[in-house]
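Enquirer: My structure is below; once you've seen it, I'll send some questions.
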Amino acid sequence: MKFKNQILNRLFGDRPEEADKENVQQAEEEKIKEASEPAEEVSKPELPPLIPGEMEFTDEEAVNQLYAAWTGALEAPAVFRLKLEGAGELGFISPDQESARIKREISITAKARLKEAVPDEPKLIAGEEHPEPVKNQEDGGNTEYMESSEAVENEETEEIPPVSIDALPMVFVSSNKLAAWILVFPPVGEGKPADGELLERALKEKGVSFGTDEELLKKLPEEGDCYFRLILAAKGQPAADGKDGYVEDFFSRAERRELAMDESGRIDYTSLNIIQSAEEGQVICQAIPPGEGVPGRNVLNQELPAKAGKAAVLPKGRNTEISEDGSKLLASRAGRVEFSGRSFNVKYSMDISGDVDYSTGNINFLGDVHISGDVRSGFSVRSVGDITVEGVVEASNVEAGGDLRVANGVLGDTETIIRSHHNIYAKFLENSIIHVRGNLYADSLVNCEVYCDGEVHICSGRGTIIGGEIRAAHSVNAKIIGSKSESPTAVFLGSHPFIDFEKDFILRKIEDMENELEQLERQPDSPARTQRLGKLKLDLSVGRMKLGQFDKDLEKEKKKMEDEGVEKCRLKCDLAYPGLALTIGKETLQLTQETSMCNGRLAAGEIYLL
């Protein structure tokens, strides 16, 4: 190896021969000195981790030895690194994948170049092929051996044949052909150095003809800074795929309902009716066409096709139609525009200018219902959509598939049932049975039986809950609960009141229908019996299907409640009077004294009002 290093230094180096001898002699003296002194452990400096696109060569590899000879070092560095210059700026290649492939090619070429540049070690002309060590006479015949190089210097050896190897450029094209790097090995001996023409010819032989940095290729050889570098010589232009089309909406997809409270802490429930109305033929949304894309070109000057973007699909729903050119979604009739999660729908609504009474009869409608007056006692209103009542709901039954809004409140009797599958907004609620699957918002609750699967908020206006039973899945918030007269008021938190009540109601109906069916089957045949049996069997089948759906919903909600835990249930109020019974889960607390700023919760199996 020492012989090879000497040859490499003479081939690549530019120093006088005397300087080489001095360096060799100095190195031999240092080795003799190190051999006489005890060896000390030398800790190698830790190298920084490899960055993407960087490759590492050890001192045993040919690349390392060639680099050491070119720089004039006596020994190859422990580690030599090359990096793909400019790779971090290219977002269309994988630097690590490219560096692994390029490293193998560099190692193979460097090994062949090293073998060509350095001949085998010559045999001795005088003396044996492996001369015996010579004793050092100056030290009085001590058994020390001279380095083999000193013995060789005293013998006549064959002359080193002259070597002349030109600089060698290597071109590496990325796997996706969008980038090309060039690495130049320096000349050996009297070989020809690299120049711009040599680099251009190497790129041309590899077929690289697009995106080359010609100015850089001419400048680097002149500055002598082109050897042992992986220079980014050419960059391609990747294809730009067309942007996907999208839908531009002219109606909001999300409906917002915000409770606006005035300075007196009151809410105007009449302002909650946020409706997006569309006329027949009005544009609901339109499809913006996709982009065509821009073709690219790789470094081999080959065109890269671009993909066109995907066309947007118009969210067509009920009572909507697509225009003749296919770019717009139109309302096929006037009504309320809603987004159901997948499509826009135009819902038609029923407007009643006065009261629901004998002039209108009971209301049973598939859309939204807007009542300008009151709902009189003894009448019912049912709707698949939202129900809005500008006046008062008296002792009647009202059921909304969406939200229920009552601007002036509910004044019922003990048999009045108010139901909503979303939220309820009312000025006040008295002497009523309330079923709400979402949240309940009101100014006051008096002697009501509430089943709420969400939260009960009685915080605006008077904000009082007096008497009755309030069952809420999550929380109850109010200003005042109970009264000075200690009216019995029960609050239950946890479970799923709405779903549980609905399930019990369906079970009772199924039981009644089964009893009726059993009685009908015992009766003799008649047209009336046959007709009634058919209807009863259909109702029974529908009831059982509803029961199965409730069981699924209840299972999901119970699992969710188990994950959250009843510990998250809360009762919050500014003032609570004696007579309040708070139940959270299976624990109950009876309030015996007036308490301010209550924050009821369950902790460690006990209820605390803090």
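The sequence shown begins at 163 in my numbering and counts up one residue at a time.
Note that beta-carbon positions come from the ideal geometry of N, C-alpha and C, so glycine has one too.
All of these numbers come straight from a predicted model, not from anything done at the bench.
#1: Along the beta strand (DSSP E) that carries residue 765, what are the first and last residues, could you check?
#2: For residue 226, name the three-state secondary structure that DSSP assigns.
#3: Determine, using beta carbons only, whether residue 626 and residue 646 come nearer to each other than 8 Å.
#4: Could you tell me how far apart the beta carbons of residue 615 and residue 650 are, in whole angstroms, since I believe they sit closer than 8 Å?
#5: For the region 639 to 667, list the beta strand (DSSP E) runs that are entirely contained and at least 3 residues long, ordered along the chain.
#6: According to the Cβ coordinates, are residue 270 and residue 345 closer than 8 Å?
#7: Can you tell me where the beta strand (DSSP E) with residue 358 in it begins and where it stops?
#8: Using only alpha-carbon positions, find the residue among 599, 595, 709, 591 that is nearest to residue 605.
#9: Is the CB-CB distance between residue 584 and residue 600 below 8 Å?
#10: Can you name the start and end residues of the beta strand (DSSP E) that residue 411 belongs to?
#11: Apply the 10 Å Cβ neighbour rule to residue 400 and answer buried if 16 or more other Cβ atoms are within range, or exposed otherwise.
#12: According to the Cβ coordinates, are residue 330 and residue 347 closer than 8 Å?
#13: Could you give the C-beta distance for residue 388 and residue 382, rounded to a whole number, given that I count them as a contact under 8 Å?
#14: Note down the Cα distance separating residue 504 from residue 742, rounded to an integer number of angstroms.
#15: For residue 546, I'd like the list of residues in its chain whose CB is within less than 6 Å of its CB, leaving aside the five on either flank, ordered along the chain.
#16: For residue 574 versus residue 557, is the C-beta spacing smaller than 8 Å?
#17: Starting from residue 271 and walking both ways along the alpha helix (DSSP H), at which residues does that stretch end?
#18: Suppose the cutoff is 6 Å on Cβ atoms and the five residues either side in sequence are ignored; what does the same chain contact list for residue 761 look like?
#19: Using a Cβ-Cβ cut-off of 8 Å (strictly less than) and excluding sequence neighbours within five positions of residue 392, which residues of its own chain qualify?
#20: If distances are taken between C-alpha atoms only, which option among 661, 231, 702 comes closest to residue 679?
#21: Assign residue 667 to one of two classes, buried (16 or more other C-beta atoms within 10 Å of its C-beta) or exposed (fewer than that).
#22: Counting C-beta neighbours from all protein chains within 10 Å, is the total for residue 486 16 or more, i.e. buried, or is it exposed?
#23: DSSP has residue 613 in a bridge; who is on the other side?
#24: Relative to the alpha-carbon of residue 351, which residue among 739, 276, 689 has its alpha-carbon at the smallest distance?
#25: Identify whether residue 696 lies in helix, strand or coil by the three-state DSSP scheme.
#26: For residue 672 and residue 716, I'd like the C-alpha separation in whole angstroms.
#27: Please report the straight-line C-alpha distance between residue 339 and residue 470, rounded to a whole angstrom.
#28: Quick check: what's the CA-CA separation for residue 656 versus residue 631?
#29: Helix or strand or just coil, what does DSSP make of residue 574?
#30: Pick out whichever of 567, 403, 496, 227 has its Cα sitting closest to the Cα of residue 444.
#31: Assign residue 294 to buried or exposed, taking buried as 16 or more other Cβ atoms, counted over all protein chains shown, within 10 Å of its Cβ.
#32: Please report the residue range of the alpha helix (DSSP H) in which residue 377 lies.
#33: Please name the residue in 520, 215, 441 whose C-alpha comes closest to that of residue 509.
#34: Secondary structure at residue 507, three-state DSSP: helix, strand or coil?
#35: Run through DSSP, which three-state label would residue 295 get?
#36: Do residue 261 and residue 216 have their C-beta atoms within less than 8 Å of each other?
Expert: Result, derived from the coordinates:
#1: Annotation for residue 765: the continuous beta strand (DSSP E) segment containing it runs 757 to 765.
#2: In the three-state scheme derived from DSSP, where H, G and I count as helix and E and B as strand, residue 226 is classed as helix.
#3: Cβ distance not < 8 Å, so residue 626 and residue 646 don't count as in contact.
#4: For a cut-off of 8 Å, the C-beta gap from residue 615 to residue 650 is around 24 Å, too long to register as a contact.
#5: Assignment of beta strand (DSSP E) within the region 639 to 667, counting only whole runs of 3 or more residues, yields 651 to 655 in chain order.
#6: Their beta carbons are not under 8 Å apart, which means residue 270 does not touch residue 345 by this criterion.
#7: Premise fails: residue 358 lies in the alpha helix (DSSP H), 358 to 367, not in any beta strand (DSSP E).
#8: Comparing Cα positions, the closest option is 591.
#9: Contact flag set, yes.
#10: 408 to 411 is the span of the beta strand (DSSP E), which, as asked, contains residue 411.
#11: Residue 400 comes out buried.
#12: Residue 330 is a Cβ neighbour of residue 347, given a cutoff of 8 Å.
#13: About 4 Å separates the two Cβ atoms, so the contact holds.
#14: Straight-line spacing of the CA atoms in residue 504 and residue 742 works out to 46 Å.
#15: Excluding residues within five positions, the ones whose Cβ falls inside 6 Å are 528, 563.
#16: Between residue 574 and residue 557, the gap from beta carbon to beta carbon is short of 8 Å.
#17: Taken as a continuous stretch (DSSP letters only), the alpha helix (DSSP H) holding residue 271 covers 257 to 279.
#18: So the list reads 734, 772, once near-sequence residues are dropped.
#19: Excluding sequence positions up to five before and after residue 392, its CB lies within less than 8 Å of the CB of 244, 245, 246, 247, 264, 334, 343, 344, 345, all in the same chain and listed in chain order.
#20: Comparing Cα-Cα distances from residue 679 to each of 661, 231, 702, the minimum goes to 702.
#21: The C-beta of residue 667 has fewer than 16 other C-beta atoms within 10 Å across all chains shown, which makes the residue exposed.
#22: So residue 486 ends up on the exposed side.
#23: Residue 613 pairs with 597, 633.
#24: Looking from the CA of residue 351, the closest CA among 739, 276, 689 belongs to 276.
#25: Three-state DSSP puts residue 696 in a helix.
#26: Note on geometry: alpha-carbon atoms of residue 672 and residue 716 lie some 18 Å from one another.
#27: Residue 470 has its alpha-carbon roughly 22 Å from the corresponding atom of residue 339.
#28: Taken atom to atom, the span from the alpha-carbon of residue 656 to that of residue 631 is near 14 Å.
#29: DSSP places residue 574 in strand when its eight states are reduced to three.
#30: Here the closest residue by C-alpha is 496.
#31: The predicted position of residue 294 is uncertain, since its pLDDT is 47 and thus under 50; no value can be drawn from it.
#32: Residue 377 -> alpha helix (DSSP H) spans 376 to 385.
#33: When C-alpha distances from residue 509 are compared across 520, 215, 441, the shortest belongs to 441.
#34: Here residue 507 sits in strand by DSSP.
#35: The predicted position of residue 295 is uncertain, since its pLDDT is 47 and thus under 50; a value taken from the coordinates is nonetheless stated next. In this structure, DSSP gives residue 295 a state outside helix and strand, which the three-state scheme calls coil.
#36: Yes, these two residues count as a Cβ contact at 8 Å.
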